[in-house]
Every structure is written in C-alpha cells, then in structure tokens.
Amino acid sequence: MRYFLKVYGCQMNQYDGRLIEAILGAAGHCRVDSPDRADLILINTCSVREHAETRAKGYIRMLPKGKRVGILGCLAQREGIDLIEELKVDFVLGPDCYSLLPGIIESDGPIVATNLDGELYLSIRPEPVLPVTMVTVMRGCDNYCSYCIVPYVRGNARSKPLRSVVDEVRRAVGKGAKEVLLLGQDITSYRDGDAGLAQLLEEVAVVDGLRRIRFLTSHPKGVDDKLIQVMKEINSICPHIHLPLQSGSNRILRLMKRNYTIEEYYDLVARLRREIPGIGITTDLIVGFPTETVADYEATLKAVEELRFDFAYMFKYSDRPKTEAANFKPKLSETEKIDRLKRLIRLQNEITKEKNTGRIGSEVEVLIEKRGRRGNYLGRTPDNLVVAIDGDVEIGRFYRVRLERIVGWTPVGTPI
Ligand code: SAH
Ligand code: SF4
Ligand code: F3S
Numbered sequence: 000m001r002y003f004l005k006v007y008g009c010q011m012n013q014y015d016g017r018l019i020e021a022i023l024g025a026a027g028h029c030r031v032d033s034p035d036r037a038d039l040i041l042i043n044t045c046s047v048r049e050h051a052e053t054r055a056k057g058y059i060r061m062l063p064k065g066k067r068v069g070i071l072g073c074l075a076q077r078e079g080i081d082l083i084e085e086l087k088v089d090f091v092l093g094p095d096c097y098s099l100l101p102g103i104i105e106s107d108g109p110i111v112a113t114n115l116d117g118e119l120y121l122s123i124r125p126e127p128v129l130p131v132t133m134v135t136v137m138r139g140c141d142n143y144c145s146y147c148i149v150p151y152v153r154g155n156a157r158s159k160p161l162r163s164v165v166d167e168v169r170r171a172v173g174k175g176a177k178e179v180l181l182l183g184q185d186i187t188s189y190r191d192g193d194a195g196l197a198q199l200l201e202e203v204a205v206v207d208g209l210r211r212i213r214f215l216t217s218h219p220k221g222v223d224d225k226l227i228q229v230m231k232e233i234n235s236i237c238p239h240i241h242l243p244l245q246s247g248s249n250r251i252l253r254l255m256k257r258n259y260t261i262e263e264y265y266d267l268v269a270r271l272r273r274e275i276p277g278i279g280i281t282t283d284l285i286v287g288f289p290t291e292t293v294a295d296y297e298a299t300l301k302a303v304e305e306l307r308f309d310f311a312y313m314f315k316y317s318d319r320p321k322t323e324a325a326n327f328k329p330k331l332s333e334t335e336k337i338d339r340l341k342r343l344i345r346l347q348n349e350i351t352k353e354k355n356t357g358r359i360g361s362e363v364e365v366l367i368e369k370r371g372r373r374g375n376y377l378g379r380t381p382d383n384l385v386v387a388i389d390g391d392v393e394i395g396r397f398y399r400v401r402l403e404r405i406v407g408w409t410p411v412g413t414p415i
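Quick note on numbering: numbering that gives the first Met the number 0 labels position 101 of the sequence shown as 100, and the sequence is numbered without any gaps.
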C-alpha cells in the first residue's frame, strides 16, 4: 500500500513517525509525499494545546475523499472512539499501539486501539535522519504538571535500556549522522539500573565518529551536579540546555506543580553559566494560567528580562480536559491571554535579537543541516544558535563561519 504520513507536535512525535515508517516499511508498504498519491493517510497528532488539535482536525476534514484514514498519536489516545464518530476515519491508534499497524491496515471496519502498556519499541530500528538524528531514550512522563496532557496520553515514564540507546546511536552514526538529539519529555529522570542521564551521555559520547550530542527536555528539578559536570567535561556534549521555566511567579509555579521556586531556577541558571561558559539556555513559558494576576504575569516578565534566555517558546494557557488545572478558577479571558502573550513575545524577541546582534563579527562552528526557505543553507552552532549561510556549503559538514549581519533574528555568515 502507498501511504502518506503527516506529523504534528513535538520531536517525540517526529521520532514516532520514523518508527511508523520502519514498521510499515518492514510490512512492504511505501511512503509517498502527497495525500493524493496515497491509498492510506496517517496523521500523527498532538494534544498539548487545543489549537494543535483543531489544526489536525481541520486538516483531516480537508483530505481527499475515498481514501482510508488513520489517526495516530496523542489526540488519538485522548479522544479514541469519538474521533471515528466525529471525523469518520477508519482507525484510531494511540502512541503505544503502532506495532498493530500492519494488521490493522489489512482489515476493514473502524478500529480503535489505545492501550497504554509501556511499549518501548525496542525491536524497531528506525532509519536515522541525516546529519542530525533524534533518538528517543524514554517515553511517557510521571510529573503530572497540573496543566499538561502528556502523562495522560503518553503513559508512565519508562526508559530504554542504555545499551539499546547506544546501539541505536552507533547505527545512526554508521549511516552518516554527525549529531544526535536524545529525547524524553522528562529526560533528566532517565534511568537504567544505577545509570541516569549523565551516565547515558558518557556512554553515548564514546560512539566513534559522533561529533555532537544534545538532549531534550530538562526539567529544572532534575538538573544535578553530575549532569553539569558531564556537560562540562565532555566536548561533544553541546553547551545548550532547554530548561522550561513556565512562570516567574512562585504562586503559579506551585499551582503548576513544577517543584521548584523562581529562586532555585535563578541559582541553577547561574550555576550552569558559571560552569559552562557560553552555554545556550532556552525555555518554555506559559501566560494566562488560571488565577494568574497582573503581579504574577509581571513576575514572568521580570524573570525573562533578568535571565536573558537565548530563545523561548511562549504559549497562552490552554485548558486540557482531565488535567488538574482545568478545574482551577478564575480563568482568564482569551483577549487577556493574547494581550499578555504578545507583550511577552515582544520582550523576548528584543532579547533574542540583542543577543544575536552581539555575536556579529565572531567566528562560530556550524553544522549545515538543510536549505532554508530563501534557498540559503541553515545550520546550528554548538550552543544552538541557528545560522544562515551566504555561499555554497554542503549539508552534513562542519564549517568555521564568520557572522556578518542579522536578517530578522537570524545571524547570517560566510564560511572562512
Ligand atoms: N516535557 C516538556 C515539554 C512538554 S510540552 C516539559 O517538561 O516542559 C511543551 C510545552 O508546552 C511545555 O513546556 C509548556 O510550556 C507548554 N504546554 C504544555 N501544556 C500546556 C497547556 N495546557 N497550555 C499551554 N501550554 C502548554
Ligand atoms: Fe508535561 Fe510536566 Fe511532564 Fe513536561 S514534565 S511532559 S510539562 S507533565
Ligand atoms: Fe508531543 Fe504533543 Fe504528544 S507535545 S507528546 S505530540 S501531546
């Protein structure tokens, strides 16, 4: 069968897209790049905010008629059989059920499979993406931050065995990967026996030929001295950390069940910057959490101003059914949330632009990843700065680049 696969959501969903590709490829099906040419259309969905769900549903409604359609991923897990009613699709499969795919596409009639049974897909060998490949090292999350749907749709946290991760990385590097991005919703809680994330990084770092290692997402409460030590000592571990703050108000952080205070977060950032000079720190922020006052919101602005993140993903709070925060009152109006988000984005954009402008004239190491929309090449520095390249370079190679100017927020440079 020819199938088309569209992926929404986070990097873990993209990785799952490659698992799905491997599972269907082994069963003799082939992927095509447009829904029109496909017999079967698969959509791997995200549920993290209502907007993500609305977009996926809108897309599904617009699909060409007369094809088989399957909804996969987090929305599939959350709504299950209701999606069959609402969107008239053929099947619905949650994130732990992809091994059933080959059987399901051979049978007809609506099918719903949403067991969350701790699946790790250890026997599936996805093809690496070059030159930067992702490897999921754990699935699920046990934190239950009060706003978040992930633990409900992805199940309990469980880690892949360390050996299995290292093997997967070694295979990817053997096929040409230069950089690996290790993934987990709460990656600092990675465990295999006595080994935690720090030891996993040490083991991955000895893979021959691997030039760069990154990892996502670090919960601030899980970043310990051992992890910082390993980041500091091992050259191939990129000086970059994604460290979601969410809010600058201790009252809101408590309601979010984040398990740290803003003071602890400041300490951690100071420690990271002291131990790993030049480290890039990026974050996630939510505005308009239920009960958020102007003072709470201003605490977030203040934190953003003082902490000077290199980049931030910023969201307005979205009610997720079943989560604790869905019951918190009062809620903020949509216009108030949009207002707060706009001001925050303006502030962070200025900081990003200032920081990037400050690097003009410097030399950086860039791994070329892909071509951008303007046709020029795009790559990343070790500290996660995205750089556009003037001139001809090769994807998958490293260059010394002199940064010369800024377009939007992106520094543009020339290879030396
Ligand atoms: N595991 C990561 C990311 C989870 S989802 C972490 O621990 O931070 C990515 C981001 O989406 C979160 O960091 C949060 O900022 C945002 N997010 C999650 N649930 C949300 C909700 N209900 N409304 C708005 N933003 C949300
Ligand atoms: Fe969601 Fe919190 Fe888990 Fe991140 S750590 S996935 S925000 S519950
Ligand atoms: Fe990822 Fe969205 Fe699911 S962020 S884990 S695809 S809810």
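Where is the CB? At the ideal position from N, CA and C, for every residue including glycine. Source: prediction; values computed, not measured.
Can you check whether the CB of residue 189 is closer than 8 Å to the CB of residue 418?
Examination of residue 418 is not possible in this model, given that the chain is present from 0 through 415 alone.
Residue 117 and residue 154: beta carbons closer than 8 Å?
The count along the sequence shown starts at 1 and reaches residue 117 at position 118. The count along the sequence shown starts at 1 and reaches residue 154 at position 155. Yes, the Cβ-Cβ distance between residue 117 and residue 154 is below 8 Å.
Using only CA atoms, which one of 51, 130, 112 and 66 lies nearest to residue 81?
On the sequence shown, position 82 is the one that residue 81 refers to. Of the candidates 51, 130, 112 and 66, the one whose C-alpha sits nearest the C-alpha of residue 81 is 112.
May I ask you to check if the CB of residue 325 is nearer than 7 Å to at least one heavy atom of the ligand F3S?
Here residue 325 corresponds to residue number 326 of the sequence shown, with the count starting at 1. Answer for residue 325: no, Cβ out of range of the ligand F3S.
Output yes or no for whether 8 Å exceeds the beta carbon distance between residue 438 and residue 327.
Absent from the model: residue 438. The displayed extent of the chain is 0 to 415, so no value can be given.
Taking a contact to mean a Cβ-Cβ separation below 8 Å, would you say residue 204 touches residue 235 in this structure?
Position 205 of the sequence shown, counted from the first residue, corresponds to residue 204. Position 236 of the sequence shown, counted from the first residue, corresponds to residue 235. Yes, Cβ-Cβ distance for residue 204 and residue 235 is below 8 Å.
What's the gap between the Cα of residue 56 and the Cα of residue 18?
Counting from 1 along the sequence shown, the entry for residue 56 is found at position 57. Counting from 1 along the sequence shown, the entry for residue 18 is found at position 19. Residue 56 and residue 18: Cα-Cα distance of roughly 23 Å.
Just verifying my parser: in three-state terms, what is the DSSP assignment at residue 338?
Residue mapping note: residue 338 aligns to position 339 of the sequence shown, counting from 1. Three-state DSSP puts residue 338 in a helix.
Ends of the alpha helix (DSSP H) at residue 141?
For the purposes of this step, residue 141 is taken as the residue at position 142 of the sequence shown. First-last for residue 141: undefined, no H or E at that position.
Please look up how many angstroms separate the CB atoms of residue 310 and residue 351, rounded, as I've assumed it's under 8 Å.
As a working note, residue 310 is residue 311 in the sequence shown. As a working note, residue 351 is residue 352 in the sequence shown. Contact holds; Cβ gap of about 6 Å.
How long is the line joining the alpha carbons of residue 137 and residue 77, rounded to whole angstroms?
As a first step, residue 137 must be located in the sequence shown, where it is residue number 138. As a first step, residue 77 must be located in the sequence shown, where it is residue number 78. Looking at the two C-alpha atoms, the distance is approximately 20 Å.
In chain order, what are the residues with a CB under 6 Å from some non-hydrogen atom of the ligand SF4?
Checking every Cβ against the heavy atoms of the ligand SF4 under 6 Å gives 140, 142, 143, 144, 147, 149, 150, 184, 185 and 218.
Under 7 Å from any heavy atom of the ligand SAH, does the C-beta of residue 285 make it?
Here residue 285 corresponds to residue number 286 of the sequence shown, with the count starting at 1. Residue 285 Cβ: within cutoff of the ligand SAH.
Once the 5 residues before and after residue 278 are set aside, which same chain residues still bring their CB inside 7 Å of it?
In the sequence shown, counting from the first residue as 1, residue 278 sits at position 279. If we look at residue 278 and ignore the five residues flanking it on each side, its Cβ neighbours are 238, 239, 240, 271, 272 and 382.
According to DSSP, is residue 236 part of a helix, a strand, or is it coil?
Position 237 of the sequence shown, counting from 1, holds the residue named residue 236. It is a strand residue.
Mind reading off the beta-carbon distance from residue 324 to residue 145? Whole number of angstroms is fine, and I expect it under 8 Å.
The sequence position of residue 324 within the sequence shown is 325, counting from 1. The sequence position of residue 145 within the sequence shown is 146, counting from 1. With a Cβ gap of about 4 Å, residue 324 and residue 145 count as contacting.
What whole-angstrom Cβ distance do residue 134 and residue 171 have, given they're in contact under 8 Å?
Working through the sequence shown from its first residue, we reach residue 134 at position 135. Working through the sequence shown from its first residue, we reach residue 171 at position 172. Contact holds; Cβ gap of about 7 Å.
Quick one: using the 10 Å Cβ neighbour count with 16 as the cut-off for buried, is residue 185 buried or exposed?
The sequence position of residue 185 within the sequence shown is 186, counting from 1. Burial call: buried.
Flag residue 72 as yes when its Cβ comes closer than 7 Å to any non-hydrogen atom of the ligand F3S, and as no otherwise.
Numbered from 1 along the sequence shown, position 73 holds the residue referred to as residue 72. Result yes, Cβ under 7 Å from the ligand F3S.
Report yes or no: do the stretch 3-15 and the stretch 84-91 share at least 3 C-beta pairs separated by less than 8 Å?
Contact fails: fewer than three Cβ-Cβ distances are below 8 Å.
Return yes when the C-beta of residue 303 is under 7 Å from any heavy atom of the ligand F3S, and no when it is not.
By 1-based counting over the sequence shown, the position of residue 303 is 304. No, Cβ of residue 303 sits at least 7 Å from all heavy atoms of the ligand F3S.
Please go through the stretch 63-104 and give each complete beta strand (DSSP E) segment of 3 or more residues, from N-terminal end onward.
Whole beta strand (DSSP E) segments, 3+ residues: 67-71 and 90-92.
Does any heavy atom of the ligand F3S sit closer than 7 Å to the C-beta of residue 279?
To locate residue 279, count along the sequence shown from 1; it is residue 280. Checking the Cβ of residue 279 against the ligand F3S gives no.
Compute the minimum distance between the beta carbon of residue 163 and the heavy atoms of the ligand SAH, and state whether it is under 7 Å.
The residue given as residue 163 occupies position 164 in the sequence shown. Every heavy atom of the ligand SAH is 7 Å or more from the Cβ of residue 163, so no.
Any idea what DSSP makes of residue 205, helix, strand or coil?
Position 206 of the sequence shown holds residue 205. Three-state DSSP puts residue 205 in coil, outside helix and strand.
Kindly examine the ligand F3S and report whether one of its heavy atoms sits closer than 7 Å to the Cβ of residue 51.
For the purposes of this step, residue 51 is taken as the residue at position 52 of the sequence shown. Because some heavy atom of the ligand F3S lies under 7 Å away, the Cβ of residue 51 counts as near it: yes.
Measuring CB to CB, does residue 290 end up less than 8 Å from residue 343?
Residue 290 sits at position 291 when you count from the first residue of the sequence shown. Residue 343 sits at position 344 when you count from the first residue of the sequence shown. No, the pair does not count as a contact, with Cβ atoms beyond the cut-off.
Starting from residue 364, follow the beta strand (DSSP E) in both directions and report where the run begins and ends.
Locating residue 364 in the sequence shown gives position 365, counting from the first residue. 362-370 is the span of the beta strand (DSSP E), which, as asked, contains residue 364.
Given this structure, state the Cα-to-Cα distance separating residue 362 from residue 412, to the nearest angstrom.
If you number the sequence shown from 1, residue 362 lands on position 363. If you number the sequence shown from 1, residue 412 lands on position 413. Rounded to whole angstroms, residue 362 to residue 412 spans 9 Å at the Cα level.
Give the secondary structure of residue 279 by DSSP, where H, G and I count as helix, E and B as strand, and everything else as coil.
As a working mapping, residue 279 is identified with position 280 in the sequence shown. DSSP places residue 279 in strand when its eight states are reduced to three.
With the cut-off set at 8 Å, would you say residue 288 and residue 251 are in Cβ contact?
What you label residue 288 is simply residue 289 of the sequence shown in a count that begins at 1. What you label residue 251 is simply residue 252 of the sequence shown in a count that begins at 1. Against a cut-off of 8 Å, the Cβ pair of residue 251 and residue 288 comes out as a contact.
Let me know the secondary structure DSSP gives residue 406 once reduced to three states.
Counting from one through the sequence shown, the residue named residue 406 turns up at place 407. Strand at residue 406.
Return the bridge partner residues of residue 133 from the DSSP annotation.
Position 134 of the sequence shown, counted from the first residue, corresponds to residue 133. Residue 133 is bridged to 180.
Just to confirm the assignment, what range does the beta strand (DSSP E) spanning residue 312 have?
In the sequence shown, counting from the first residue as 1, residue 312 sits at position 313. Per DSSP, residue 312 belongs to the beta strand (DSSP E) from 310-315.
With hydrogens ignored, establish whether the beta-carbon of residue 47 is closer than 7 Å to any heavy atom of the ligand SAH.
If you number the sequence shown from 1, residue 47 lands on position 48. Yes.
Cβ of residue 365 within 8 Å of Cβ of residue 380?
Mapped onto the sequence shown, residue 365 falls at position 366. Mapped onto the sequence shown, residue 380 falls at position 381. Yes, these two residues count as a Cβ contact at 8 Å.
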